[in-house]
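Read through the structure below, which is laid out as structure tokens, and then see the notes.
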């Protein structure tokens, strides 16, 4: 609760948190929020302008753009979040094992991570999609297979630092089990780092799945997805730009909110950053207080 209060003190972070929460809730309860069936075709309404019934107009098949935008939250945000959780889970398990036990176990796991990280992320994902085939399920599997190594390496560093602390060494000296030490002593210390790297990766993964869907490698028709909606609206991007602006601005807004929230989360979890930010704000306030006096003089 204290961390949430610190985040809410930042107005930009509070707005970003509201956007993320509202987006997730609308995606979960999409059938209740969407005014129409996102797959319902009305060719007589092809590229129709916005009306009271269709607030954002209709696409090339006469489907409701707003309804497809709402249902597009599920693959663009919710399923990406599931892939992120799986990637972080695999990376955290291997990172804890490598950072705590070290030795040969650490060497083997890190060499595997080095091999995975030697390829650019987009290239690795494209290669996996090429082998597995296009589609939402395969692209999410590709995300997990291509990103766990980065999480494992970052989490390993955090675990190694925590494993050197006195209380961990004391627990080892009195005969506490390895699993007990990792769960009770190391995990609480490493959770802030895991939360920060996870939140910072969330926005980039949303952009990636939208980009792959825009290229035709992600979710396939007739299902709704923001990147695919951008691709479908390219033909009328000059005559009917609002059809392309709707998913484009939605992607920008959601990804920006996630990134701003990630920055606020990092500040809230790191006392050093919080202190430095407080000092900067105090210095700025003091400078503003001095300026009127100089102007009068």
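Residue numbers (this note's numbering): 458 to 754.
Positions of the beta carbon are idealized from the N, C-alpha and C atoms, including for glycine.
**Environment of residue 684 [buried if 16+ CB atoms lie within 10 Å]** = buried
**Prompt:** When you compare each of 554, 655 and 561 to residue 541 by their alpha carbons, which one comes out closest?
**Reply:** 655
**Residue span of the alpha helix (DSSP H) that contains residue 635, given as start and end** = 635-638
**Request:** Let me know if residue 510 comes out buried or exposed under the rule of 16 or more other beta-carbons within 10 Å of its beta-carbon.
**Result:** exposed
**Asked** Can you tell me whether residue 482 is buried or exposed, with buried defined as 16 or more other CB within 10 angstroms of its CB?
**Response** exposed
**Message:** Rounded to the nearest angstrom, what separates residue 515 and residue 723 at their Cα positions?
**Reply:** 41 Å
**Message:** Distance check for residue 682 and residue 478, CA to CA, integer angstroms please.
**Reply:** 19 Å
**Item:** Segments assigned alpha helix (DSSP H), at least 4 residues, entirely inside the stretch 677-726
**Value:** 683-689 and 698-726
**Prompt:** CA-CA distance, residue 461 and residue 532?
**Reply:** 27 Å
**Request:** Please go through the stretch 604-675 and give each complete alpha helix (DSSP H) segment of 4 or more residues, from N-terminal end onward.
**Result:** 623-630, 635-638 and 644-671
**Message:** For residue 663, which residues in the same chain have their Cβ closer than 8 Å to its Cβ, ignoring the five residues on either side in sequence?
**Reply:** 533, 534, 537, 708, 711, 712 and 715
**Request:** Identify every run of the alpha helix (DSSP H) within the stretch 552-605, keeping only runs that are complete inside it and at least 4 residues long; order them along the chain.
**Result:** 560-574 and 578-589
**Prompt:** Just how far apart, CA to CA, sit residue 590 and residue 645?
**Reply:** 39 Å
**Asked** Is the CB-CB distance between residue 604 and residue 696 below 8 Å?
**Response** no
**Message:** Spatial neighbours of residue 624 within its chain, please: C-beta separation below 7 Å, excluding the five flanking residues on both sides.
**Reply:** 642
**Item:** Host alpha helix (DSSP H) of residue 486 (start-end)
**Value:** That residue, residue 486, is in no alpha helix (DSSP H); it is neither H nor E in DSSP.
**Item:** Run of the alpha helix (DSSP H) containing residue 524, from where it starts to where it stops
**Value:** 522-528
**Request:** For residue 520, count neighbouring Cβ atoms within 10 angstroms of its own Cβ and tell me buried if that reaches 16, exposed if not.
**Result:** buried
**Message:** Assuming residue 675 and residue 596 are in contact, meaning their beta carbons sit under 8 Å apart, how far apart are those beta carbons, in whole angstroms?
**Reply:** 5 Å
**Assigned exposure category for residue 506 - 16 Cβ within 10 Å defines buried** = exposed
**Cβ-based neighbour list, residue 639, same chain, cut-off 7 Å, excluding 5 preceding and 5 following** = 553 and 557
**Request:** Decide if residue 732 is buried, meaning its Cβ has at least 16 other Cβ atoms within 10 Å, or exposed.
**Result:** For residue 732, the predicted model reports a pLDDT of 49, less than 50, meaning its position is unreliable; a value from the coordinates is still stated below. It counts as exposed.
**Request:** Can you grab the Cα-Cα spacing for the pair residue 652 / residue 659, in whole Å?
**Result:** 11 Å
**Prompt:** So, helix, strand or coil for residue 461, using DSSP?
**Reply:** helix
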